[in-house]
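There are 2 protein chains.
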Amino acid sequence: MPENFFARHQPLLKQAVAAIQTRGYWSPFSEMPSPKAYGETANDEGKKAFDALLHKPFPLDQPGTTGKTGREESPFGFELGITYPKVNLDDLIPAVQRAEAAWRNAGPETWTGIALESLVRLNKKSFEMAYAVMHTTGQAFMMAFQAGGPHAQDRGLEAVAYAWSEISRVPKTARWEKPQDKNEPLRMEKHYRVVPRGIALVIGCCTFPTWNSYPGLFASLTTGNAVIVKPHPGAILSLAITVQVIRGVLAEAGLDPNIVTLVAHEKGDDVAQKLALRPEIKIIDFTGSSRNGEWLERNAHQAQVFTEKAGVNPIIIDSTNDLKGMVRNIAFSLSLYSGQMCTAPQNIYVPQSGIDTAEGHLSFDQVANAIGEGISKLLSDTGRAVEVLGAIQNEDILHRIEQARGLGEIVVDSKQLPHPQFEKARVYTPLLLKATAGDEAKFMRELFGPIAFVVATQNTAQSIEIAKRAALEHGAITMSVYSTDNKVLNKVRDAAAESGVSLSCNLTGGVFVNQSAAYSDFHASGANPAANSSLTDTAFVANRFRVAQSRAHV
Amino acid sequence: MPENFFARHQPLLKQAVAAIQTRGYWSPFSEMPSPKAYGETANDEGKKAFDALLHKPFPLDQPGTTGKTGREESPFGFELGITYPKVNLDDLIPAVQRAEAAWRNAGPETWTGIALESLVRLNKKSFEMAYAVMHTTGQAFMMAFQAGGPHAQDRGLEAVAYAWSEISRVPKTARWEKPQDKNEPLRMEKHYRVVPRGIALVIGCCTFPTWNSYPGLFASLTTGNAVIVKPHPGAILSLAITVQVIRGVLAEAGLDPNIVTLVAHEKGDDVAQKLALRPEIKIIDFTGSSRNGEWLERNAHQAQVFTEKAGVNPIIIDSTNDLKGMVRNIAFSLSLYSGQMCTAPQNIYVPQSGIDTAEGHLSFDQVANAIGEGISKLLSDTGRAVEVLGAIQNEDILHRIEQARGLGEIVVDSKQLPHPQFEKARVYTPLLLKATAGDEAKFMRELFGPIAFVVATQNTAQSIEIAKRAALEHGAITMSVYSTDNKVLNKVRDAAAESGVSLSCNLTGGVFVNQSAAYSDFHASGANPAANSSLTDTAFVANRFRVAQSRAHV
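Set out below in structure tokens:
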């Protein structure tokens, strides 16, 4: 039965493997929540499915259940009222181990087939997933659909393609024949077996629960590991649905559904730490704070640890021949999901003497004000603004905005906007501040949320120096540069490469520095403190399994 | 100039890349120290070159040299009297960093070309290397030639092939074109750059200084990292020659020779720990004790750490239809280089009720005695014996033999043999002891050197259980099984795979469990405490570099 999944999805797998090699645009999952792509009734059905989950225990039948947990609330202003199984690890983990022993022997084609079928089924649930992601993360509907659904599925499929490439590169057998001068050659037959590490743990975040979790989840699954998914207490639902879907595929294939399980928990308990240090856990994929990520890197010695943590993303403005395009693009990047993205820019470095543009020279203040006006203009229509901004995921971010107001001269202030549909939604526009290069203590740390600085530097050379050093010391995932001078662009390219940051040059159109496309863009490099790995490259998958060999004379 | 090396060695590289995929027998470096392969005068010249190095400062001109260090002595009974530059790390490391900055930009083809040319030149020095390895490790000449020369070069070339495969799989550019319904597509050009980690540290061991160091050294070099080589104080010379050769190739190519440097030191100082914790060190390859390896894994957080440590390798004897072949094979495996190999067997599990053979049933004692007699017979001719045994690398091993005598009933005792050429050589035959499964405290730890146990178990099932558990808890690199029963063989195959041990089945001829062939055998699995990585697989190379990308609209 599972072999059928593998056979059925051969074209999909082959295309994905080709895509990660050529790295052009490709996706099998439509990013448009349109009736054409998903059917006339898909949105209604997804909404109904989401509504039907509210104020009930989530249907997940797992061993070791001792009660209920879960207190998610929508950033759009209501309680979800969904509970999840509360788990006793000492009962759950032995059940996962039993499942893992059989999974281990199912072999690469079954592992890969189950992963592919799961992704295809998740794609069919993209509307339900969109509402689940929207009402836990605060993303507006369109982003919740795309990032929570098809783009997350793309990142999952990308990981499957990398994992399959690696496990299928190991030959199953080899004939070894060593010449012995005039004597008969020594002849051996060798067998190579892909051996999974064991049990993998995926620790989700509260802003992109599926997008950031799927790569680790599907990479571990495709390399034969059992997976325990531990969502952030604030964003459980989309991962609970994910676990439910995969368990359904496993059961249908006659496999133990406990190969994939959910450990939900509430804020403030120590379930994550306990789980992460269990000797049975051999792989950990983590997205979250630097503090927690570094703790895992330094303490979970029994596991391969893959982390994505915090960073400070820069924009370097040197010059432009499309001021309007630049301002529009930056304003959108700062506003999109209220800057609650690990790829959102925070510090915009501009020479204190200003910049050259096609419309003539602009002073530093003129550049700062242009960006401020760009934000105001983008968000002037409230109906449109809430679809860009979404809602603030948690109260901590509101406090951070409040405190940041004192960090510099305000270019545009953050203000609350009413949401036409959701009365109690936490919708806030970005706060843009001015700073000078000497104020590093203020701007040189991640202020996660809709907070950004326009930083006056001595010149572009200093902008580059600060951006590079900041990436190396504090981490950064993205860097953006605007310049009409190829020499400057090349210097920034070198600085970005040397500090392990993905660079976007002169974005003035419909691509934003926040966006990272599966199969083409490497998300994070693993070469600075923002992450110790990349989504997705070979290193992300190659150590999730080992190879055991046996040999005998023929 | 370096591009020429890359072009020149294309056929070699292509064959090596093909070999690691098909994993059959292949080697470009002749393992026979014969005039036919290496020229009529090669041995004489190699011997002369070695002799010319004795009792002198080794010619290595490095920055940060503050004096001399080195007190190597040959296990065959004389002092080498060679000194090496004593290095001030605070002066050396900045020089390496400067070299690394240029090396980083030289690019994949130059990195790979330099590595290939270095290996080819090292091959030409195989006789000089043989004497250098022999008179530091205690290996007899033939093994010193093979393991120290061509086999080490093979392991180095294997690492180059893996590294080149990975870095060349990253496309240099991609065109990304995303359809926009009725609008013009979004078009971007993306550039991907392979970014080395920085400076790599290779920590050598005293028994296989080149064989165990070349994979890490050449993997790091081929992925663009600078490499600092820190040999074991007891076996510096062969790595000093290696560094000298690579520095020569670098200089000839117009590159900074400080891309590869040597940090020699004497026993008992803390140079290794200091070096390993330097923030500039981003990769560490280590071969040595479990204590030091685990310390690195737990403390060198700034680096990717690859370790090969200690283990307890088992032989499981269930039954055989070739008793003589089995005994001969085991006796040789225990005697070769006096068991001073991480692949040498230590514990031989035999059912207490004995085993079935083609010659009828043998009791436990008969099996133990047969192996003991096999050892005595193999080593009965002293001239031949010393060429199998080599010499004991250090005094600690002699003490270990002394202490091990009390651990069980002696089947054959260890005795000193005179060496026909070297009066003061430390040549000792293996100590074989009896134990029972209940004596785990005695035999269940690595007793590095010529010490082995024949362990009486309840039955083969218990033998398998102990061997598997021991590998998982204490580590093991090899496992060997003798059985005429396919069911037993399959059970052992599963146990070996689940405990990450390379299995050899029914070796009765000219292949020994100690031997691991480059391009075909994975050496260590990284799946048990004997090592956290494998020589060589993709995971061994893929995290030695990162990919930095930049993108811009077309």
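Protein sequence lines, in the order shown, are assigned to chains A and B.
Residues in the first sequence are numbered from 32 upward in steps of one, following the numbering used here.
Residues in the second sequence are numbered from 32 upward in steps of one, following the numbering used here.
Glycine included, C-beta positions come from ideal geometry on N, C-alpha and C.
Model, not experiment: these values are computed from the prediction.
{"Asked": "Per-residue contacts from B/Leu217 into chain A (C-beta, under 9 Å)", "Found": "Tyr56, Gly540, Gly541 and Val542"}
{"Asked": "The stretch 405-424 of chain A: positions lying closer than 8 Å to chain B by Cβ", "Found": "none"}
{"Asked": "Own chain residues within Cβ distance below 7 Å of A/Lys522, not counting five before or after", "Found": "Ile495"}
{"Asked": "Among A/Phe107, A/Leu566 and A/Val225, nearest to A/Trp167 - alpha-carbon criterion", "Found": "The amino acid at residue 167 of chain A is misidentified as Trp; the sequence shows Thr. With distances taken between Cα atoms, A/Thr167 lies closest to A/Phe107."}
{"Asked": "Heavy atom of the ligand NAD within 7 Å of B/Pro246 beta-carbon", "Found": "Among the components modelled here there is no ligand, and therefore nothing to report on the ligand NAD."}
{"Asked": "Simplified DSSP state of B/Gln424, which is helix, strand or coil", "Found": "coil"}
{"Asked": "Alpha-carbon to alpha-carbon, B/Met63 and A/Asn214", "Found": "15 Å"}
{"Asked": "Residue environment, B/Arg329, which counts as buried when at least 16 other CB atoms sit within 10 Å", "Found": "exposed"}
{"Asked": "Short CB-CB distance (under 8 Å) between A/Glu328 and chain B", "Found": "yes"}
{"Asked": "Near-chain A residues of the stretch 163-184 of chain B - C-beta to any C-beta below 8 Å", "Found": "none"}
{"Asked": "Between the CA atoms of A/Val48 and A/Val485 - distance to the nearest angstrom", "Found": "41 Å"}
{"Asked": "Own chain partners of B/Leu478 with C-beta closer than 7 Å, once the 5 adjacent residues on each side are dropped", "Found": "Gln377, Arg431 and Ala435"}
{"Asked": "Segment limits, beta strand (DSSP E) that includes A/Gln211", "Found": "Thr204 to Gln211"}
{"Asked": "Contact list for B/Thr515 against chain A, beta-carbon separation under 8 Å", "Found": "In chain order: nothing, as chain A lies at least about 12 Å away."}
{"Asked": "CB contact below 8 Å: A/Pro202 versus chain B", "Found": "yes"}
{"Asked": "For B/Ile508, three-class secondary structure by DSSP", "Found": "coil"}
{"Asked": "Beta carbon of B/Pro262 nearer than 8 Å to that of B/Leu270", "Found": "yes"}
{"Asked": "CB contact below 8 Å: B/Lys355 versus chain A", "Found": "no"}
{"Asked": "Residues bridged to A/Tyr459 [DSSP beta-bridge criterion]", "Found": "A/Gln447"}
{"Asked": "Chain-ordered chain B contacts of A/Phe363 [CB-CB under 7 Å]", "Found": "Near A/Phe363 there are no residues of chain B at all, since even the closest Cβ is about 14 Å away, more than 7 Å."}
{"Asked": "Buried or exposed (CB count within 10 angstroms, at least 16 for buried), A/Ala221", "Found": "Checking the displayed sequence, the identity of residue 221 of chain A turns out to be Lys instead of Ala. Classification for A/Lys221: buried."}
{"Asked": "Within-8 Å CB hit, B/Gln580 to chain A", "Found": "yes"}
{"Asked": "Against chain B: residues of the stretch 551-570 of chain A by CB proximity under 8 Å", "Found": "Ser551, Asp552, Phe553, Ser556, Gly557, Ala558, Ser565, Asp568, Thr569 and Ala570"}
{"Asked": "Residue ranges of each alpha helix (DSSP H) within the stretch 483-539 of chain A, 4 or longer", "Found": "491-505 and 517-529"}
{"Asked": "Reduced DSSP secondary structure (H/G/I, E/B, other) of B/Ala183", "Found": "helix"}
{"Asked": "Rounded straight-line distance, which links the Cα of A/His296 to that of A/Asn74", "Found": "30 Å"}
{"Asked": "Contact with chain B by A/Ala526, beta-carbon distance below 8 Å", "Found": "no"}
{"Asked": "Among A/Ala487, A/Leu463 and A/Pro461, the one whose alpha carbon lies nearest that of A/Glu471", "Found": "A/Ala487"}
{"Asked": "Close-in-space but distant-in-sequence residues of the same chain around A/Pro139 (CB under 7 Å, 5 per side omitted)", "Found": "Ile198, Ser199 and Val225"}
{"Asked": "Contact list for B/Cys536 against chain A, beta-carbon separation under 9 Å", "Found": "Ser581, Arg582, Ala583 and His584"}
{"Asked": "Boundaries of the beta strand (DSSP E) in which B/Thr97 is found, first to last residue", "Found": "Thr96 to Thr100"}
{"Asked": "B/Thr491 and B/Ile347 closer than 8 Å at C-beta", "Found": "yes"}
{"Asked": "Reduced DSSP category for B/Tyr193 - H, G, I as helix; E, B as strand; rest coil", "Found": "helix"}
{"Asked": "Alpha carbon of B/Gly414 to alpha carbon of B/Lys79, nearest angstrom", "Found": "24 Å"}
{"Asked": "Any C-beta of chain A under 8 Å from that of B/Gly531", "Found": "yes"}
{"Asked": "A/Ala141 - containing alpha helix (DSSP H), residue span", "Found": "Note that residue 141 of chain A corresponds to Thr in the displayed sequence, not to Ala. It spans Pro139 to Lys155 - the alpha helix (DSSP H) in which A/Thr141 sits, taken as one unbroken run."}
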